[in-house]
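Chemist: Numbering (this note's numbering), first residue to last: 1 to 367.
Glycine included, each C-beta is placed from N, C-alpha and C at the ideal position.
Here the structure is a predicted model, which means the values were calculated and not measured.
Take a look at the following structure, please.
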């Protein structure tokens with residue numbers, strides 16, 4: 001199935017052109033397809049960003065009941081967590097949300113115009129109108145709105161600049177795309193169209209999942225590449241690094257995140273940037289806030305433990321200078337650097353994990 005879809009993605013969009021005039025035979029085929037597919041093409045949905053009436057601070061997000069947090073725009077949630085960080089000095093949340101609304105409406109109209117091409121050859125998209133919608137969404141964002149994946153973020157991630165991690169980077173133009181902000185941006189636009197999209201973590205990576213349990217409709221979308229791709233869960237068990245036994249036991253990776261899980265991830269992104277900015281106390285707070293949303297999640301707790309341990313090492317050094325006796329403080333007495341490589345702060349060690357395969361199954365939209 002993955003190979004079929006990979007080939008379909010390579011062929012996707014070839015020769016597709018919009019037109020304000022559609023021939024009668026095409027209209028008939030289009031209507032027939034609508035009936036046969038149960039009207040699925042109409043499920044373009046609707047959504048709008050939240051305004052000043054919504055949450056404005058991290059504390060407000062943390063204090064929201066689960067049912068209310070679930071209604072918060074993922075884009076707004078992400079941008080709130082970027083406030084006050086390096087690279088967000090000119091952050092205008094209302095402008096960013098308005099841009100997401102504009103892009104969603106543009107993509108809605110374009111998708112509606114291109115639907116006849118899907119019904120003319122549904123096999124090209126594995127007979128999935130939803131797969132067609134996602135291919136069109138990602139390629140519209142990349143080819144028409146100009147967002148792009150910065151390959152430098154694969155081997156040399158820049159945690160000194162929040163634009164490389166949060167969605168205001170690609171929203172503001174420039175080559176700021178990464179595996180942390182591109183999936184979130186695509187999800188923010190897709191949810192405005194009514195698409196059931198989830199953010200999914202794998203080791204050192206994030207991707208998108210279309211997940212509609214009611215209709216048993218589920219597939220993954222990879223956007224941190226030149227075009228787009230669809231890959232099975234098994235791919236992410238081995239890339240960008242192979243999941244080990246503890247990864248499987250902890251059960252965090254490859255699971256669709258809840259709204260609480262999404263907020264926890266964004267708070268950990270915040271902690272990463274504050275760590276890079278040498279602001280350990282603020283980083284510890286961000287990590288602790290994230291862990292409070294997903295208690296028991298080792299992948300989140302290790303970040304907090306690592307930053308606390310580094311602070312304890314500094315205190316131990318000062319105490320040694322004062323009393324002349326070696327002192328060892330640690331919250332993880334049995335944890336060494338090898339163990340800490342599972343922590344997000346150590347998620348990019350200089351190791352074999354950088355020997356990642358070149359992306360092959362990419363696609364370009366041809367007008």
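1) Assign residue 252 to one of three DSSP states: helix, strand, or coil.
2) Could you tell me whether the Cβ atoms of residue 311 and residue 280 are closer together than 8 Å?
3) Using 8 Å as the threshold, is the C-beta distance between residue 151 and residue 170 below it?
4) Note down the Cα distance separating residue 61 from residue 317, rounded to an integer number of angstroms.
5) To the nearest angstrom, how far is it from the Cα of residue 236 to the Cα of residue 259?
6) Evaluate contact between the segment 158–178 and the segment 225–241, counting only Cβ atoms and requiring at least three cross-stretch pairs below 8 Å.
7) Going by CA-CA distance only, name the one from 180, 179, 220 that's closest to residue 196.
8) Do you know how far the Cα of residue 321 is from the Cα of residue 262?
9) Just curious, the beta strand (DSSP E) that residue 201 is in, first and last residue?
10) Can you tell me whether DSSP reads residue 212 as helix, strand or coil?
11) Do the CB positions of residue 198 and residue 257 come within less than 8 Å of each other?
12) Leaving aside the five residues before and after residue 134 along the sequence, list all residues of the same chain whose C-beta is less than 7 Å from its C-beta, in chain order.
13) Would you tell me roughly how many angstroms separate the C-alpha atoms of residue 380 and residue 159, rounded to the nearest one?
14) Among all the DSSP beta bridges, which residues are the ones paired with residue 299?
15) Under the assumption that residue 402 contacts residue 165 (Cβ atoms under 8 Å), give the Cβ distance between them as a whole number of angstroms.
16) Buried or exposed: where does residue 323 fall if 16 or more other Cβ atoms within 10 Å of its Cβ makes it buried?
17) Report the partner residues of residue 205 according to the DSSP bridge assignment.
18) Following the continuous beta strand (DSSP E) through residue 217, name the residue where it begins and the one where it ends.
19) Would you mind reading off the limits of the alpha helix (DSSP H) that contains residue 282?
20) Have a look at residue 218 and residue 319 and give me their C-alpha separation to the nearest angstrom.
21) Check whether the Cβ atoms of residue 91 and residue 79 sit closer than 8 Å, and answer yes or no.
22) Roughly how many angstroms lie between the CA atoms of residue 66 and residue 278, to the nearest whole one?
23) For residue 73 and residue 189, what's the separation of their Cα atoms in angstroms?
Modeler: Let me lay it out:
1) Working through the chain shown from its first residue, we reach residue 252 at position 252. Three-state result, residue 252: coil.
2) Translated into positions along the chain shown, residue 311 becomes position 311. Translated into positions along the chain shown, residue 280 becomes position 280. Yes. Within cutoff.
3) The count along the chain shown starts at 1 and reaches residue 151 at position 151. The count along the chain shown starts at 1 and reaches residue 170 at position 170. With respect to residue 170, residue 151 sits apart: the two C-beta atoms are not nearer than 8 Å.
4) Position 61 of the chain shown, counted from the start, is the residue given in the question as residue 61. Position 317 of the chain shown, counted from the start, is the residue given in the question as residue 317. CA-to-CA, the gap between residue 61 and residue 317 works out to about 38 Å.
5) Looking up residue 236 in the chain shown gives position 236. Looking up residue 259 in the chain shown gives position 259. Going by the C-alpha atoms only, they are around 22 Å apart.
6) With a cut-off of 8 Å, the segment 225–241 and the segment 158–178 do not count as touching, because too few Cβ pairs lie within range.
7) To locate residue 196, count along the chain shown from 1; it is residue 196. Measuring C-alpha to C-alpha distances from residue 196 to each of 180, 179, 220 identifies 220 as the nearest.
8) As a working note, residue 262 is residue 262 in the chain shown. As a working note, residue 321 is residue 321 in the chain shown. In a straight line, the C-alpha of residue 262 is about 43 Å away from that of residue 321.
9) Taking the chain shown and counting its residues from 1, one reaches residue 201 at position 201. Counting along the chain, the beta strand (DSSP E) containing residue 201 begins and ends at 197–202.
10) Locating residue 212 in the chain shown gives position 212, where the first residue counts as 1. Residue 212 falls in the strand class under three-state DSSP.
11) Working through the chain shown from its first residue, we reach residue 198 at position 198. Working through the chain shown from its first residue, we reach residue 257 at position 257. In this structure, residue 198 places its C-beta atom within 8 Å of the C-beta atom of residue 257.
12) Position 134 of the chain shown, counted from the start, is the residue given in the question as residue 134. The beta carbon of residue 134 sits closer than 7 Å to the beta carbons of 210, 221 from its chain, once the five residues preceding and following it are set aside; these are given in chain order.
13) Since the first residue of the chain shown is 1 and the last is 367, residue 380 is not available in this structure.
14) Position 299 of the chain shown, counting from 1, holds the residue named residue 299. Residue 299 pairs with nothing; no bridge assigned.
15) The structure shown does not extend to residue 402, since the chain is modelled only from 1 through 367, so no value can be given for it.
16) To locate residue 323, count along the chain shown from 1; it is residue 323. Residue 323 comes out exposed.
17) As a first step, residue 205 is located in the chain shown; it is residue number 205 there, counting from the start. According to DSSP, residue pairing for residue 205 in a beta bridge involves 202.
18) Position 217 of the chain shown, counted from the first residue, corresponds to residue 217. 217–221 is the span of the beta strand (DSSP E), which, as asked, contains residue 217.
19) In the chain shown, residue 282 corresponds to position 282, counting from 1. Its alpha helix (DSSP H) spans residues 280–293.
20) Locating residue 218 in the chain shown gives position 218, where the first residue counts as 1. Locating residue 319 in the chain shown gives position 319, where the first residue counts as 1. Straight across, the Cα-Cα distance linking residue 218 with residue 319 is about 56 Å.
21) Taking the first residue of the chain shown as position 1, residue 91 is located at position 91. Taking the first residue of the chain shown as position 1, residue 79 is located at position 79. A contact, by the Cβ cut-off of 8 Å.
22) By one-based count along the chain shown, residue 66 stands at place 66. By one-based count along the chain shown, residue 278 stands at place 278. In a straight line, the C-alpha of residue 66 is about 33 Å away from that of residue 278.
23) In the chain shown, residue 73 corresponds to position 73, counting from 1. In the chain shown, residue 189 corresponds to position 189, counting from 1. A straight-line Cα-Cα distance of about 10 Å links residue 73 and residue 189.
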